[in-house]
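K.L.:
Before I ask anything, here is the structure I am working with.
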């Protein structure tokens, strides 16, 4: 299989995303980018036994010194404390300003390692090796890094771009079904936001994708990365259109926070959140019932939850008011004008209520 | 007194430094820059009773909503824990992405508030109101923000530029003598690095400056800010010449860490560190004994320590090896080719030993 390349054209820090097979053993793709023959690889207890030794061996064969930092696995560890473990390890080993941090893992490892790279000694180089579908199509691209705070998800972080993203399809072979589905939520998101052709392609190919047919997977990941690269290059710091990428995330973050981080996977919450966003878009007259049903059916075929938990309307609103997309006290929602065309807008309270009534468990 | 303006010409984020009297009551200088009529002022228990009410009153008169966050005073509080107090307060009050953080205080408040602004919701606007001489001439300009880690000073931080710096001379009237002297260490530093005319001017006017004569102070602060603005605009991320601003800091940080943060003020450690750098520059044949004596005399007239504590050579070297200015295990020193001309270089161990022998307490 040919390695596909997506270029992210951010003016001050352009970089490539490589999508292909057996990339972890091709350390020469990494070594040319390093300012110093030294890296610190951050991973977790799940990924380490699967892929760490292979990556280290391949890097060492290129003469690169590898520090290994292994964190516990899970969204609930995306905290100050874990970040401090990385800082302690880097300082203890005297990692330098030219030492490159490599994130080997899913979205949590990528977000935390990226943030660690942004703030260690005021910034060191950083490479993403996403091992989950969600990280490959979304979180590893675009430079959003963060940790969670008890009062809100991703509330503390930085915009900090990687020098390279290596999306190795082989690493998806060990991905549990539930996490694969969670990644599909973000894949479907790109179709809904502004790529109606991709949405149709997904509807046509969803069964093959769920069977993890390799060519279909490579195609889906490449199209997601192209979409994300285009949006991020136009609006790195999310002053405008980049916010569209948060479709389903305002509701989704409320679900995650309301249930406690880690109860639902991020992608699961985004899936149910996109259904709520679709119902809300229907409530204000943009989508038809058939449109909403199309969204639900596609998500169901990706084995994702489409019914949100019954947290209660007041709790949803309180949690959403803590979202980052709030301006002068008003919550900004990502809504659908039609399938394949999202926009940023506000919602009357009645539409929020209608969406929660239609999309939450207690109502069904 | 006319307000002086120094422009910092950083391509992606240019801003002004205003130097003058009674600036704290001129909130119209701030309000025009705010993306939202809302600020969070971070200050400490020493500064709050002196200047916070006046600033808040002046901002509120412009219709600006002010959150007040008051931290304990001192370098020993420049920690994760204090940073978390800021995050907790911002999240509890639901500060938004357009809420501007204002640092009202010295270097510690400025560094921590700037770092908080860099990472809260991935970055919010930020204004510096430095109330100490050290912060006005050095730390508030140039966008270096950080907190300390038990294994090293300023090890965790970001490059993050303020939108405005207000250096109010009135706030220096309440500055304790010891802190005023500490600020003078950074003032003298600019003369030593690359402004021999300013060095001569300082030698001519040191008595009037130490008497805090207003016109002399304004002149000194403006020249320091011009020097710093020029260096920072040319090298924001310290890939080259900006490192010259660290003259005395590699030795100085070792002194601070070795004695425990807070035992000596930062400026005091820099003063003694500059003397060590001068001795080292003498040891490798650049400075004469008379040159070193000129440095010592000027620092003494500024009532600064010129003799370093007897930590022992091995301890100094171990502490310096943890400095950020280390590349492939080699410590980069800022040295003097002559007075008014600094450069970045390495030192043979014999020169480090000679400098410590000449400049440390046990040797005298």
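Residue numbers (my numbering), protein chains in the order written: chain A, 1 to 364; chain B, 1 to 364. Ideal placement from N, C-alpha and C gives every residue a C-beta, glycine not left out.
Cβ of residue 87 of chain A less than 9 Å from any chain B Cβ?
P.N.:
yes
K.L.:
Quick one: give me the first and last residue of the beta strand (DSSP E) that residue 144 of chain B is part of.
P.N.:
144 to 149
K.L.:
Which residues, in chain order, does the segment 96 to 127 of chain B contribute to contact with chain A at a C-beta distance below 7 Å?
P.N.:
96, 97, 98, 118, 119, 120, 121, 122, 123
K.L.:
Tell me, which residues are paired with residue 130 of chain B by DSSP?
P.N.:
B:105
K.L.:
Taking all protein chains shown into account, do 16 or more other C-beta atoms lie within 10 angstroms of the C-beta of residue 256 of chain B, making it buried, or fewer, making it exposed?
P.N.:
With 16 or more other Cβ atoms within 10 Å, it is buried.
K.L.:
Compare the C-alpha of residue 298 of chain B against each of B:110, B:203, B:163 and name the closest.
P.N.:
Nearest C-alpha to residue 298 of chain B: B:203.
K.L.:
Could you tell me which chain B residues have their CB closer than 8 Å to the CB of residue 155 of chain A, listed as they occur along the chain?
P.N.:
87, 91, 120, 121
K.L.:
Tell me, which residues are paired with residue 335 of chain B by DSSP?
P.N.:
B:343
K.L.:
Have a look at B:15, B:151, B:209 and flag the residue whose alpha-carbon is nearest the alpha-carbon of residue 254 of chain B.
P.N.:
B:151
K.L.:
Are residue 42 of chain B and residue 135 of chain B touching if we call contact CB-CB under 9 Å?
P.N.:
no
K.L.:
Leaving out five residues before and five after residue 143 of chain B in sequence, what residues of the same chain have Cβ atoms less than 6 Å from its Cβ?
P.N.:
Once the five neighbours on either side are set aside, the close Cβ partners of residue 143 of chain B are 159, 160, 161.
K.L.:
Which value, in whole angstroms, describes the spacing of the CA atoms of residue 23 of chain B and residue 168 of chain B?
P.N.:
5 Å
K.L.:
Whose Cβ in chain A lies nearer than 7 Å to the Cβ of residue 327 of chain B?
P.N.:
96, 98
K.L.:
Who pairs with residue 360 of chain A in a beta bridge, going by DSSP?
P.N.:
A:308
K.L.:
Beta-carbon within less than 8 Å of residue 258 of chain B's beta-carbon, same chain only, minus the 5 sequence neighbours each way: which residues are those?
P.N.:
Correct list, in chain order: 309, 311, 315, 316, 319.
K.L.:
Counting only beta-carbon separations shorter than 9 Å, does residue 78 of chain A have a partner in chain B?
P.N.:
no
K.L.:
Just curious, the alpha helix (DSSP H) that residue 183 of chain B is in, first and last residue?
P.N.:
177 to 194
K.L.:
So residue 124 of chain B and residue 100 of chain B are supposed to be a Cβ contact under 8 Å. How far apart are they, rounded?
P.N.:
7 Å
K.L.:
Hey, out of B:245, B:155, B:65, whose CA is closest to residue 194 of chain B's CA?
P.N.:
B:245
K.L.:
Need the endpoints of the beta strand (DSSP E) that residue 6 of chain B sits in, please.
P.N.:
4 to 8
K.L.:
Going by other Cβ atoms of all chains shown within 10 Å of its Cβ, with 16 needed for buried, is residue 7 of chain B buried or exposed?
P.N.:
exposed
K.L.:
Closer than 6 Å by C-beta to residue 205 of chain A: which residues in its own chain qualify, once you throw out the five before and the five after it? Chain order, please.
P.N.:
Excluding residues within five positions, the ones whose Cβ falls inside 6 Å are 216.
K.L.:
Evaluate residue 328 of chain A with the Cβ neighbour count: other Cβ atoms within 10 Å of its Cβ, from every protein chain shown; 16 or more gives buried, anything less gives exposed.
P.N.:
exposed
K.L.:
What are the start and end residues of the alpha helix (DSSP H) that includes residue 40 of chain A?
P.N.:
Element bounds for residue 40 of chain A: not the alpha helix (DSSP H) but the beta strand (DSSP E), 38 to 44.
K.L.:
With a threshold of 7 Å on Cβ separation, who are the neighbours of residue 97 of chain B within its own chain once the five nearest residues in sequence on each side are excluded?
P.N.:
121, 124
K.L.:
Is it buried or exposed, residue 282 of chain B, if we count other Cβ atoms within 10 angstroms and call 16 or more buried?
P.N.:
buried
K.L.:
Between residue 142 of chain B and chain C, is the shortest Cβ-Cβ distance under 9 Å, so that the two count as touching?
P.N.:
You won't find chain C in this structure, because its protein chains are A and B.
K.L.:
Tell me whether residue 235 of chain A sits in a helix, a strand or coil according to DSSP, three-state version.
P.N.:
coil
K.L.:
Which word fits residue 330 of chain A, buried or exposed, when buried means at least 16 other C-beta atoms lie within 10 angstroms of its C-beta?
P.N.:
Its Cβ having fewer than 16 others within 10 Å, residue 330 of chain A is exposed.
K.L.:
Could you round the C-beta distance between residue 137 of chain A and residue 221 of chain A to whole angstroms and report it? I think they count as a contact, below 8 Å.
P.N.:
So it is a contact: roughly 6 Å between Cβ atoms.
K.L.:
Looking at the unbroken alpha helix (DSSP H) that takes in residue 84 of chain A, where does it start and where does it end?
P.N.:
80 to 92
K.L.:
Which residue marks the beginning of the alpha helix (DSSP H) containing residue 279 of chain B, and which one marks its end?
P.N.:
266 to 283
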